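Q: Respectively, the protein sequence lines represent chains A and B. Take 1 as the starting number for the first sequence in the working numbering and just add one per residue. Take 458 as the starting number for the second sequence in the working numbering and just add one per residue. By construction, the Cβ of each residue, glycine as well, lies at the ideal position given by its N, Cα and C atoms. None of these values were measured; they are calculated from a predicted model.
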Amino acid sequence: MKIHRTVRTAFLALRRNPMRAMLTTLGIVIGVAAVIAMMEIGNGSSAAIQKSIASMGANTVLILPGTAASGGVSFGSGSAMTLTPRDYEAILRECPSVSSAAPVVRARTQVVYGNRNWVPNTIYGTTPSFLDVREWTDLAEGEIFTERDVLNANKVCVLGQSLVQQLFQEESPIGKEIRIKNVSFRVIGVLSAKGANMMGSDQDDILLAPWTTIKYRVTGSSLVNTNQSSSSADTSTTVNSLSSLYPGGQQSLYPVGSTIQAADNPMPVRFTNIDLIMTAAVSASEIPAAIQQVSETLRERHRIRSGEPDDFNIRDMTEMTRTLSSTTMLMTNLLLCVALIALLVGGVGIMNIMLVSVTERTREIGLRMAVGARARDILRQFLVESVVLCLVGGGIGILLGHGGSLLVQLFLHWPIQNSPGAIAAAVLVSAGVGIIFGYYPAWRASRLDPIEALRYE
Amino acid sequence: MDLIELKDIYKTYHIGDMDVPVLKGVSLRIARGELAALMGSSGSGKSTLMNILGCLDRPSSGEYWLNQKEVGGFSADARALLRNNTMGFVFQSFNLLPRATALENVSMPLSYAAGHVSDKEARKRASEMLGRVGLRDRMDHEPSQLSGGQQQRVAIARALINRPPVLFADEPTGNLDSRTSDEVLQMFRKLNREDGITIIIVTHDPAVAKHADRIIRITDGVILDESAPGGGD
């Protein structure tokens with residue numbers, strides 16, 4: 001018997017009792033609809049949760065320079081000057097698991113506007129990609145500085161909300177000039193509010209500027225306060241034509257040629273170190289790979305032989321990543337359980353009705369056998385019937401579930417995410433349910449004796 | 458030449474520990490083109506004989522030659538194929554598929570046929586058969602919209618769709634009134650005369666049996682006597 005004819009026979013048989021077919025398949029319809037809706041809404045929420053956890057910096061990998069020590073006195077983590085801007089460029093170029101990276105030069109000093117002043121928690125000299133790393137790309141006002149500003153060491157900056165509050169209160173800070181260590185900066189943007197981090201420190205109390213500007217115009221050298229040995233060197237030879245109006249504490253690693261030379265070229269060609277490289281892994285699961293790649297790249301660049309210790313430290317946000325992955329796992333497993341139970345109930349319903357149907361159509365089975373149907377023809381007919389029932393139910397379920405999740409998005413504004421995988425799975429599972437739960441009734445039908453079946457009342 | 462030959466057929470049913478013999482050595486020949494009636498009271502074994510003749514059941518012992526082939530030992534699948542292409546069945550209670558049109562009912566056995574029959578071909582043959590039984594204008598009617606006689610004619614058309622050489626009718630007029638009974642019996646007569654189909658009618662009604670060329674009486678598992686209708690003239 002050709003399969004298309006079997007399918008048509010199945011449709012004919014189902015059409016004979018449409019109400020019952022509908023009620024039977026309702027179990028599958030509801031099951032599949034629930035699965036699809038849950039998957040779409042669940043995936044949407046899961047993606048939203050992941051995104052917000054990621055914006056807390058879960059994917060961030062920090063690279064700090066190693067430890068400097070002098071005469072048995074260690075200066076603590078990050079005190080050696082081993083990281084260079086070239087390292088940052090190499091990481092970006094050579095590590096495929098790193099999606100973005102930003103060099104950071106830190107400073108801690110007073111910021112002045114008019115008659116107000118404030119010492120922000122963090123003053124970071126960096127590049128525009130810092131905002132990509134921290135997933136902080138939407139600004140409340142204005143715009144972020146550009147790569148060109150970084151190359152030119154332009155005196156522009158972007159402020160965090162808390163800093164704006166402290167310095168400007170009601171005023172708009174855009175276009176205003178503030179002074180950092182007597183160097184004046186133009187405010188070109190205001191970051192959106194991010195609130196406190198997990199440790200409770202205010203992330204909005206921040207000032208971002210091109211790292212070249214902070215490095216060469218503001219601090220002169222990094223870690224003035226920590227690295228006592230180098231800060232004790234010289235202050236007398238400091239030349240900074242840009243802030244020479246006010247005697248400041250700037251110092252440079254190496255003496256600068258002349259005032260004019262320095263004025264002409266604010267970025268002297270010499271060894272430059274940075275305090276920190278911030279990188280973001282492509283995803284939470286790529287973090288170990290990213291660490292591995294960064295470590296290899298830096299060891300090679302710093303010419304560290306195998307067996308020698310690293311001259312840098314790499315840190316990731318293990319705690320946050322673990323939360324992230326366990327949240328996702330929990331969500332997926334929960335949905336899977338619900339789906340399985342719903343489909344099991346639907347399948348039992350199908351089996352029940354197919355058994356009733358076999359009993360009810362005993363004479364039909366007898367007749368079909370009398371006119372030449374073999375046992376396997378009967379088996380196939382009932383199997384196809386239950387699979388058709390399940391697939392039709394699954395199809396309706398997919399439409400209902402998708403429609404339901406669209407409604408939820410429309411009226412409740414929950415995020416949803418289409419899930420082609422779930423749809424494919426729903427089709428396969430409903431066909432599977434049809435075969436598994438339809439097999440026993442179909443087998444019973446095929447075992448009937450034609451004489452008995454024809455005589456059945 | 459004989460179409461059907463039974464040689465010493467025994468059939469015994471096992472009910473619990475008891476053996477119940479139903480057929481006790483039946484031998485029978487039916488020639489091609491005969492219209493025979495199989496008569497007997499209830500419990501005489503005529504239904505069992507009919508089931509064996511129709512290859513729905515297998516004899517406990519004995520030989521059944523159909524078309525020069527010994528079919529008594531055929532497997533279930535082989536018998537299904539045999540039923541499909543060499544036999545037609547007409548039942549007392551019509552056994553039409555409800556909620557399916559006359560055309561669909563008639564073409565149903567074609568879907569189990571060994572050779573491939575296209576949908577178009579199946580439709581053509583089914584409507585041809587319905588025309589033969591005089592129901593050309595009722596092709597798209599469902600059984601519930603047809604009278605008893607019409608339903609039985611649909612069943613006859615279904616039995617003939619595979620052009621079988623032999624047709625078995627089990628109490629074909631049992632559910633019909635005398636006028637439609639007559640119609641159906643005339644139909645059998647016509648098919649027998651015009652197409653040379655061998656027809657075996659099982660009945661307990663002498664009025665039906667007298668339409669046959671030959672009456673086979675069975676009592677208590679053995680064939681009692683054979684006679685022409687009218688009582689041995």
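(1) Consult DSSP for residue 625 of chain B and reduce its assignment to one of helix, strand or coil.
(2) Within the region 510–563 of chain B, note down every full alpha helix (DSSP H) run reaching 4 residues or more, in order along the chain.
(3) Is residue 511 of chain B close to chain A? Criterion is C-beta to C-beta, closer than 9 Å.
(4) Mind listing the chain B neighbours of residue 433 of chain A? Cutoff is C-beta to C-beta under 8 Å, in chain order.
(5) Short check: CB of residue 158 of chain A to CB of residue 142 of chain A, under 9 Å?
(6) Scan the region 365–392 of chain A for residues whose Cβ lies nearer than 9 Å to a Cβ of chain B and list them as they occur along the chain.
(7) Cβ of residue 629 of chain B less than 9 Å from any chain A Cβ?
(8) Measure the beta-carbon distance from residue 524 of chain B to residue 571 of chain B and round it to whole angstroms, keeping in mind my assumption that it falls under 8 Å.
(9) In terms of residue numbering, what span does the alpha helix (DSSP H) encompassing residue 157 of chain A cover?
(10) Does the beta carbon of residue 282 of chain A fall short of 8 Å from some heavy atom of the ligand MG?
(11) Report back the beta-carbon spacing between residue 49 of chain A and residue 111 of chain A to the nearest angstrom; my notes put them in contact at under 8 Å.
(12) Measuring only between beta-carbons, confirm whether residue 491 of chain B sits less than 9 Å from chain A.
(13) Would the region 500–509 of chain B count as touching the region 667–680 of chain B if we require 3 or more Cβ pairs under 8 Å?
(14) What is the DSSP secondary structure of residue 313 of chain A, counted as helix, strand or coil?
(15) Output needed in chain order: residues of the region 542–565 of chain B with a Cβ under 9 Å from some Cβ in chain A.
(16) Kindly indicate which residue of A/172, A/291, A/212 and A/200 has the alpha-carbon position closest to the one of residue 94 of chain A.
(17) Can you tell which of A/36, A/202, A/299 and A/31 has its C-alpha closest to the C-alpha of residue 418 of chain A?
(18) Are residue 289 of chain A and residue 60 of chain A close, meaning C-beta to C-beta below 9 Å?
(19) Helix, strand or coil: how does DSSP classify residue 278 of chain A here?
(20) Have a look at residue 404 of chain A and residue 396 of chain A and give me their C-alpha separation to the nearest angstrom.
(21) Are at least three pairs of beta-carbons, each pair with one atom in the region 649–669 of chain B and one in the region 563–582 of chain B, less than 8 Å apart?
(22) Under 9 Å, do residue 454 of chain A and residue 552 of chain B count as touching if we go by C-beta distance?
(23) Using the Cβ count rule (16 or more neighbours within 10 Å means buried), how would you classify residue 569 of chain B?
(24) With which residues is residue 468 of chain B paired in a DSSP beta bridge?
(25) Taking contact to mean 3 or more Cβ pairs, one atom from each stretch, closer than 8 Å, check whether the region 430–449 of chain A and the region 375–384 of chain A are in contact.
(26) Alpha carbon to alpha carbon, what distance is there between residue 602 of chain B and residue 457 of chain B?
(27) At least one CB of chain B closer than 9 Å to the CB of residue 400 of chain A: is that the case?
(28) Going along the chain, which residues of its own chain have a beta-carbon closer than 6 Å to the beta-carbon of residue 351 of chain A, five neighbours each way excluded?
(29) Is any beta-carbon of chain A found at less than 9 Å from that of residue 569 of chain B?
(30) Along the chain, where does the beta strand (DSSP E) containing residue 436 of chain A start, and where does it finish?
(31) Please give the ranges of any alpha helix (DSSP H) in the region 642–687 of chain B, keeping only runs that are unbroken, at least 4 residues long and fully inside the region.
(32) Please report the residue range of the beta strand (DSSP E) in which residue 141 of chain A lies.
(33) Indicate the three-state DSSP secondary structure (helix, strand or coil) for residue 122 of chain A in the structure shown.
(34) With three or more beta-carbon pairs closer than 8 Å as the criterion, would you say the region 293–306 of chain A touches the region 119–130 of chain A?
(35) Please list, in chain order, the chain B residues whose beta carbon lies closer than 7 Å to that of residue 486 of chain A.
(36) Terminal residues of the continuous beta strand (DSSP E) containing residue 210 of chain A?
A: Quick look at the numbers:
(1) strand
(2) Runs of the alpha helix (DSSP H) spanning 4 or more residues and lying entirely within the region 510–563 of chain B occur at 533–543, in chain order.
(3) yes
(4) What residue 433 of chain A touches in chain B: nothing, since even the nearest Cβ is about 26 Å away.
(5) yes
(6) 366, 367, 368, 369, 370, 371, 372, 373, 374, 375, 376 and 377
(7) no
(8) That belief does not hold up - the Cβ atoms of residue 524 of chain B and residue 571 of chain B are roughly 16 Å apart, past 8 Å.
(9) Premise fails: residue 157 of chain A lies in the beta strand (DSSP E), 156–159, not in any alpha helix (DSSP H).
(10) Although the ligand MG was asked about, the structure shown includes no ligands whatsoever.
(11) Rounded to whole angstroms, the Cβ separation of residue 49 of chain A and residue 111 of chain A is 36 Å, and the two are not in contact under 8 Å.
(12) It does not: the Cβ of residue 491 of chain B has no partner Cβ on chain A nearer than 9 Å.
(13) yes
(14) strand
(15) 542, 544, 545, 546, 548, 550, 552, 553, 554, 555, 556, 557, 561 and 565
(16) A/291
(17) A/36
(18) no
(19) Residue 278 of chain A falls in the strand class under three-state DSSP.
(20) 12 Å
(21) no
(22) yes
(23) Result: buried.
(24) BP columns for residue 468 of chain B point to B/480.
(25) yes
(26) The requested residue 457 of chain B is not part of the displayed model; chain B covers only 458 to 690.
(27) no
(28) 437
(29) yes
(30) Where residue 436 of chain A is concerned, there is no enclosing beta strand (DSSP E), although the alpha helix (DSSP H) it sits in stretches over 420–446.
(31) 663–666
(32) 139–142
(33) strand
(34) no
(35) In the structure as shown, chain A starts at 1 and stops at 457, and residue 486 of chain A therefore has no counterpart that could be examined.
(36) Residue 210 of chain A -> beta strand (DSSP E) spans 206–210.
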